[in-house]
Every structure is written in C-alpha cells, then in structure tokens.
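Asks: In the numbering used here, the protein residues as written are 10 to 238. The structure follows.
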C-alpha cells in the first residue's frame, strides 16, 4: 500500500528569523524528497519571528503569511500540498496551532495579550487544533517546561531538532500518560538538509482538517529516522 508522507513542522525565512530558506525553496526540497505535502508553521510574533513587531496588526499578519503563501504557490505548480499553521511560544515552550488561517489571525489581535492557557482555549473554541511541540527539548534558552495536557490536543513526540533521544522518549511517555495523540515533525529550517521526520498517511489530505482528523483518530504512521544523537 502506498503511503503519503507529510512534514508537519517547518519554518521559512519570510517569517521565521531562524529560517534559512524561502517557502518556495522549502516546497521544492520536500517535493524532491518524496513528500506529498507540508505544513508551514512559522514562529509567531511571541517567538523567533522575522516580522517587524512594530507594524500594525493586519500588516504583521500579512507578512507573517508570506512564507506559507509562497510555498503554496510553488506547491501548486509542482504538485505538493501546502497547509498553514503557526508555532506559538510561551517561556521556551511552543505550541503548534493548526486549523485556523491568516484571515482568522487578522481579525483576532487579542491573541497576543492572552495568557497561554486562554490562548489555547480560545484557539480550540474557534476550531483550532493545538499540538505541544518538543515538550522536553533541552536547550540553554529553555528555562522550564510548561506542560498543559488538559487543554492541548496532541503531542509532538518525535522532533528532529531534539539533540537527545531522551527528549523524544520522555515526550512519548508524556503522551501515553495522558492518552494524547502523537505526531512527528522535522522542525525544518533549511532546504539543503531535510531530516526526514514527519507522518505517513494511507490517503492524501485535501486540507489541514484531513490532517487534524488523522491525528485525532490515530491513523498516522510516525516517521523518525536515525540521527547522530
């Protein structure tokens, strides 16, 4: 049976300060690597964004969406599905938000003033699906772990940018402890080197809601390739 591979977590240089490739370059790289689709999850304005925070809200959102839009435009030309999300930050912890779009963001500037608990509840109330990214990542910039199993929908248990295997193993234990669905993502920043993580589905996704449904119903195969860690 053929499986369709999807990247669930990647960044572009248009909106993430750490991104080393444009949305179009990332789309091309993933198509060449055999993926059926990608989800662009650039760093939100409370994270490592490259968007000028001093701009008016709607202009900030417009620029934030550029990486996704450029990836989508190129994906349409080459036959790669491209979906939208973002990575919301809170004191070193990060939460991938799926199921909402740029128009929704443009109409809700109040999300920037909400405590993380209220933000997650509000996003979910409006149809969003929130996945905690790399919950046990060990880096000097992360001062503490914030775990919110009661209000998050799923856990990213495999992340290629975790430097230690133990980070993934703890995330698996955490998801199992609360019976939360699991995901996997490369957290890719560079089109020249793709880690090959992600998920595989027995069917193609028509939109981001197909992905959300597949996660929620635990229909996906999680991909984690051997690394040097």
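Backbone N, C-alpha and C fix where the C-beta goes; we use that ideal spot for every residue, glycine too.
Whole angstroms are fine: how far does the CA of residue 63 sit from the CA of residue 228?
Replies: 42 angstroms
Asks: Roughly how many angstroms lie between the CA atoms of residue 70 and residue 177, to the nearest whole one?
Replies: 32 angstroms
Asks: Would you kindly report the start and end of the unbroken alpha helix (DSSP H) that includes residue 217?
Replies: 217–225
Asks: Please report the Cβ distance between residue 160 and residue 130, rounded to the nearest whole angstrom; I am assuming they are in contact, meaning their Cβ atoms lie under 8 angstroms.
Replies: Right, the Cβ-Cβ distance comes to about 6 angstroms (below 8 angstroms), so this counts as a contact.
Asks: When the Cα atoms are used, what is the spatial distance from residue 172 to residue 23?
Replies: Between residue 172 and residue 23, the C-alpha separation is close to 26 angstroms.
Asks: Do residue 18 and residue 165 have their CB atoms nearer than 8 angstroms?
Replies: For residue 18 and residue 165, yes; Cβs fall inside 8 angstroms.
Asks: Quick one: residues in its chain with C-beta nearer than 6 angstroms to the C-beta of residue 13, no 5 flanking neighbours on either side, listed in chain order?
Replies: 45, 210 and 213
Asks: Can you tell me which of the three DSSP states residue 203 falls into?
Replies: coil
Asks: Give the DSSP-derived three-state secondary structure of residue 168 in the structure shown.
Replies: strand
Asks: Kindly indicate which three-state DSSP category residue 51 falls into: helix, strand or coil?
Replies: strand
Asks: Helix, strand or coil, according to DSSP, for residue 38 in the structure here?
Replies: helix
Asks: Kindly indicate the opening and closing residues of the alpha helix (DSSP H) around residue 16.
Replies: Per DSSP, residue 16 belongs to no alpha helix (DSSP H); it is in the beta strand (DSSP E), 13–19.
Asks: Answer yes or no: do residue 221 and residue 108 have a C-beta to C-beta separation smaller than 8 angstroms?
Replies: Contact check for residue 221 against residue 108 passes: the beta carbons are separated by less than 8 angstroms.
Asks: Measure the beta-carbon distance from residue 195 to residue 204 and round it to whole angstroms, keeping in mind my assumption that it falls under 8 angstroms.
Replies: 4 angstroms
Asks: Can you tell me whether residue 237 is buried or exposed, with buried defined as 16 or more other CB within 10 angstroms of its CB?
Replies: Because residue 237 carries a pLDDT of 43, less than 50, the predicted location of this residue cannot be relied on, and no value is offered for it.
Asks: Does the beta-carbon of residue 35 have 16 or more other beta-carbons within 10 angstroms, so that it is buried, or is it exposed?
Replies: Only buried fits residue 35, as 16 or more other CB atoms lie within 10 angstroms of its CB.
Asks: With distances taken from CA atoms, which of 67, 91, 28 and 85 is nearest residue 15?
Replies: 91
Asks: Could you spell out where the beta strand (DSSP E) holding residue 230 opens and where it closes?
Replies: 230–232
Asks: Hey, out of 155, 33 and 169, whose CA is closest to residue 85's CA?
Replies: Residue 85 has its Cα closest to that of 33, out of 155, 33 and 169.
Asks: Given a cut-off of 8 angstroms on the beta-carbon distance, is the pair residue 140 and residue 105 in contact?
Replies: yes
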